[in-house]
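Novice:
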Amino acid sequence: MFDPHMKNLPLCAAIGFALALPLRALPAQEAATIPSGMVSISIPAGTGAVKKTSLISLPLLETAALDGKSVGRFTGVTSTTFSDTSADWTPGELSNVAEPKLLLITSGAAEGYIFLISTAATSQNTATSATISADDSVVADLTSLGIRTGESGDTYRILNCDTLASLFGTPETSGVLGGTSPTTADSIILVVNGITSTYYYKTDVTPNRWTKLAWGNPDASNTPVPPYYGIQYGRLGSTSIGLTVRGDIPSNPRKAFVKNSGTTFLAQFWPVDSTLGSTAISSLPGWFSGPSPNTADTVIITSNGVTSTFWFDGTNWRKLAFGSPISDTALIPVGSTLSLVKKGTVPGSSMLSQNLPYTLQ
40 MFDPHMKNLP LCAAIGFALA LPLRALPAQE AATIPSGMVS ISIPAGTGAV
90 KKTSLISLPL LETAALDGKS VGRFTGVTST TFSDTSADWT PGELSNVAEP
140 KLLLITSGAA EGYIFLISTA ATSQNTATSA TISADDSVVA DLTSLGIRTG
190 ESGDTYRILN CDTLASLFGT PETSGVLGGT SPTTADSIIL VVNGITSTYY
240 YKTDVTPNRW TKLAWGNPDA SNTPVPPYYG IQYGRLGSTS IGLTVRGDIP
290 SNPRKAFVKN SGTTFLAQFW PVDSTLGSTA ISSLPGWFSG PSPNTADTVI
340 ITSNGVTSTF WFDGTNWRKL AFGSPISDTA LIPVGSTLSL VKKGTVPGSS
390 MLSQNLPYTL Q
């Protein structure tokens, strides 16, 4: 069984195995076996009249089962596309809107980047190439990441990506509370490139479905929810919801984009607890430290329904509380999300690099 309080151990001692997945598309001497398992995430109950807000994340990965390669080497990249001349993908299999896919770069200077693969009708994958999503191409140019191509090119892995429908289901399958508006239903907030979108399960349409709070209440059932997204869940229902996340344990360092100003929901990407001091957030380019949260950038952690605010004073993390206690060891629970609030108006994003917080044995 997974014990979220076991830290500073080889990960295999802290998480129960579900299976071991060999990746066979690379030469035999480079094939990898990635341990897999499951993590349980609890969404606390609301009162039926007042919502309880949780910040959650999906800390495991799932390699895609494809007609072509799920792992391989890059033979070429453009600013928005990647190619592998031996991939042998079925055209469109990486671009299915109901079953979106992710690109994980697994070696080289760009190791740890994950990009959503586009499902747009105008950018369907071919047998040898695919396009990253418009949202990801806003913050990343693949040609600028140092990706090596060719016979000794860097390696990649294609992952499955959850959607609102596959992750949260329906009132009948998961217990999510539906309604005619986000005020009468559970609600989900995603922040992508600084743009906030609200979703809920709409019950006054036929068939009932996930929808986005926007003009026309568009069908949002296939909205991608990648593992690097932080998720704000507003639970109105009076019972808790349990999510069981199954998949592969992340085995590469992480690279994530953080907005240079405003709010970023940063998923707790690892299937173990972490501490604030281990996140490398204070090393972000342009991260403001200072004597108080009035002048410094802040991090908000929600644990067991309790929300706390922290800032970096230049040497230590401190908590917004009486005495401003040093809080480098503040717990970031598995399956949670951090809210990073950066002051100022600087445009664009910066890259946060995080090493694996465990060893794989």
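Residues 40 to 400 in this note's numbering are what the sequence shown spells out, letter by letter. Even glycine gets a Cβ: it sits at the ideal position worked out from N, Cα and C. Since the model is a prediction, treat every value here as computed from it, not as a measurement.
1) Assign T86 to buried or exposed, taking buried as 16 or more other Cβ atoms, counted over all protein chains shown, within 10 Å of its Cβ.
2) To which residues does DSSP link D180 through a beta bridge?
3) In whole angstroms, give me the CA-to-CA distance for R274 and G218.
4) Just checking: is the beta-carbon of L198 within a distance shorter than 8 Å of some beta-carbon in chain C?
5) Check S363 in the structure and name its three-state DSSP category.
6) Would V78 be called buried (16 or more neighbouring beta carbons within 10 Å of its own) or exposed?
7) Alpha carbon to alpha carbon, how far is C200 from T212?
8) Check for me: the beta strand (DSSP E) holding F154 runs from which residue to which?
9) Can you tell me whether P61 is helix, strand or coil according to DSSP?
10) If we ignore side chains and look at the alpha-carbon of each, how far apart do E150 and A84 end up?
11) Measuring only the C-alpha atoms, how far is S392 from T222?
12) I'd like the list of long-range same chain contacts for D123, defined as Cβ closer than 7 Å, with 5 residues on each side in sequence excluded.
13) Could you spell out where the alpha helix (DSSP H) holding L206 opens and where it closes?
14) K241 to G255, Cα distance in whole Å?
15) Beta carbon of L155, beta carbon of P265: below 8 Å?
16) Relative to the alpha-carbon of F121, which residue among T318, D180 and T129 has its alpha-carbon at the smallest distance?
17) Name the residue from S389, L305 and Y272 whose alpha carbon lies nearest to the alpha carbon of D90.
18) Pick from S96, P332, T278 and K251: whose alpha carbon is nearest that of R357?
19) Roughly how many angstroms separate the alpha carbons of F207 and T161, rounded to a whole number?
20) Only counting the same chain, and skipping five residues up and downstream in sequence, which positions put a Cβ closer than 8 Å to that of G353?
21) So, helix, strand or coil for A306, using DSSP?
22) Pair every Cβ in the segment 299–306 with every Cβ in the segment 376–390, then say whether three or more of these pairs are closer than 8 Å.
23) With DSSP run on the structure shown, which of helix, strand or coil describes A84?
24) Which partner residues does S392 have in the DSSP bridge list?
Specialist: Concretely, from the data shown:
1) Classification of T86: exposed, given that the 10 Å Cβ count is below 16.
2) Paired residues: none, contrary to the question.
3) Their Cα atoms are separated by approximately 12 Å.
4) Among the protein chains of the structure shown there is no chain C, as only one such chain exists.
5) S363 falls in the coil class under three-state DSSP.
6) V78 should be labelled buried.
7) Looking at the two C-alpha atoms, the distance is approximately 19 Å.
8) In the DSSP annotation of this structure, the continuous segment of the beta strand (DSSP E) that includes F154 starts and ends at I153 to L155.
9) The predicted position of P61 is uncertain, since its pLDDT is 42 and thus under 50; a value taken from the coordinates is nonetheless stated next. DSSP, reduced to helix, strand and coil, places P61 within a strand of the structure shown.
10) Distance from the CA atom of E150 to the CA atom of A84, rounded to whole angstroms, is 38 Å.
11) If I take the Cα positions, the gap works out to 37 Å.
12) Result list for D123: K108, G111, R112, F113, T114 and T167, in chain order.
13) Start and end: L203 to F207.
14) In a straight line, the C-alpha of K241 is about 12 Å away from that of G255.
15) Contact: yes.
16) Closest option to F121, Cα to Cα, is D180.
17) Checking the displayed sequence, the identity of residue 90 turns out to be Lys instead of Asp. Checked all of S389, L305 and Y272; the closest Cα to K90 is Y272.
18) Ranking S96, P332, T278 and K251 by Cα distance to R357 puts P332 first.
19) Cα to Cα, F207 sits roughly 29 Å from T161.
20) The beta carbon of G353 sits closer than 8 Å to the beta carbons of S328 and G329 from its chain, once the five residues preceding and following it are set aside; these are given in chain order.
21) Assigned with DSSP and collapsed to three states, A306 falls in strand.
22) Segments in contact, yes.
23) In the three-state DSSP reduction, A84 falls in the coil class, being neither helix nor strand.
24) Note: S392 sits in a beta bridge opposite K294.
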